[in-house]
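Here's the structure we're looking at; comments come further down.
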Amino acid sequence: MELSDSDAASLNLLLKASAKSTVVQACRVAFTHRNEAVPASVIANLSTALGIKPVEANKMFAAVTNLVKLVLFEGLTDAATISSVFPENFHKNLKTLLSEILANLGPEWRGQALLQEVSLPRLINFDWRVDVKTSSDSVTRMAVPTCLVQMKVCLLTASHDHFQLCEI
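In numbering that gives the first Met the number 0, the protein residues as written are 0 to 167.
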């Protein structure tokens, strides 16, 4: 999969950055706001830092966000494979810089994305037993088996669920 030409053109605005830290910050903000709009104050700060219009900064953030999503979705982990998503005519130094930044921040972002993902709980421990009543005030309730199940599951925080199965 390759980055679109319009995204590549918007990414070229990062060439106006005076320091590598500005590009790193743009990538971090793009990851943080990948599922929502980037706040206007952040766009204004970056547009003044790069000397571009807020509309251009908004397009640039959209392009960086698409790049981050592409790298995370495809599971690209090293700079060489990340650089393969850029078009052939893309600026070589910017391609190298973005590839290195995304390769360095990728493992941290994958971990954060997995923690935010909706998933089923993971079973940690399971215990069960069957109880049979041997005495009761009613003969109909005697010798009725009851299954007791205890499961320990792992969500974002550990929890214990207890439930009881009864035949009715």
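No residue lacks a Cβ here, since even glycine has one placed at the ideal position from N, Cα and C.
Residue i - containing alpha helix (DSSP H), residue span
{"i": "R128", "result": "Per DSSP, R128 belongs to no alpha helix (DSSP H); it is in the beta strand (DSSP E), 121-131."}
{"i": "V138", "result": "Note, V138: premise wrong, no alpha helix (DSSP H); not H, not E."}
{"i": "V23", "result": "19-31"}
{"i": "L10", "result": "4-10"}
Local Cβ density within 10 Å of residue i, reported as buried at 16 or more and exposed below that
{"i": "K15", "result": "exposed"}
{"i": "A79", "result": "exposed"}
{"i": "G50", "result": "exposed"}
{"i": "A56", "result": "buried"}
{"i": "S5", "result": "exposed"}
{"i": "I167", "result": "With a pLDDT of only 49 at I167, under 50, the local geometry of the prediction cannot be trusted, and no value is derived from it."}
{"i": "C26", "result": "buried"}
{"i": "L20", "result": "Strictly speaking, residue 20 in this sequence is Ser, with Leu absent from that position. Result: exposed."}
{"i": "V84", "result": "buried"}
{"i": "L45", "result": "buried"}
{"i": "K94", "result": "buried"}
{"i": "S98", "result": "buried"}
Contact set for residue i: own chain, Cβ-Cβ below 8 Å, skip 5 residues either direction
{"i": "M141", "result": "K132, T133, S134, S135"}
{"i": "V67", "result": "C26, A29, F30, R33, L101, W108"}
{"i": "R128", "result": "C146, L147"}
Collapsed DSSP secondary structure at residue i in the structure displayed
{"i": "I167", "result": "Legend: pLDDT at I167 = 49, less than 50; position of this residue unreliable, value from coordinates given subsequently. Residue state, collapsed to three classes: coil."}
{"i": "P53", "result": "helix"}
{"i": "P106", "result": "helix"}
{"i": "S98", "result": "helix"}
{"i": "N88", "result": "coil"}
{"i": "D77", "result": "coil"}
{"i": "N44", "result": "helix"}
{"i": "S82", "result": "helix"}
{"i": "V63", "result": "helix"}
{"i": "A16", "result": "coil"}
{"i": "A36", "result": "coil"}
Residues bridged to residue i [DSSP beta-bridge criterion]
{"i": "P144", "result": "V131"}
Neighbourhood of residue i by C-beta distance below 7 Å, restricted to the same chain and skipping five residues each side
{"i": "K58", "result": "S9"}
{"i": "V41", "result": "V28"}
Close Cβ partners of residue i (< 6 Å) along its chain, the five nearest in sequence each way excluded
{"i": "A7", "result": "P86, F89"}
{"i": "T31", "result": "none"}
{"i": "V70", "result": "I81, L101"}
{"i": "L75", "result": "I81"}
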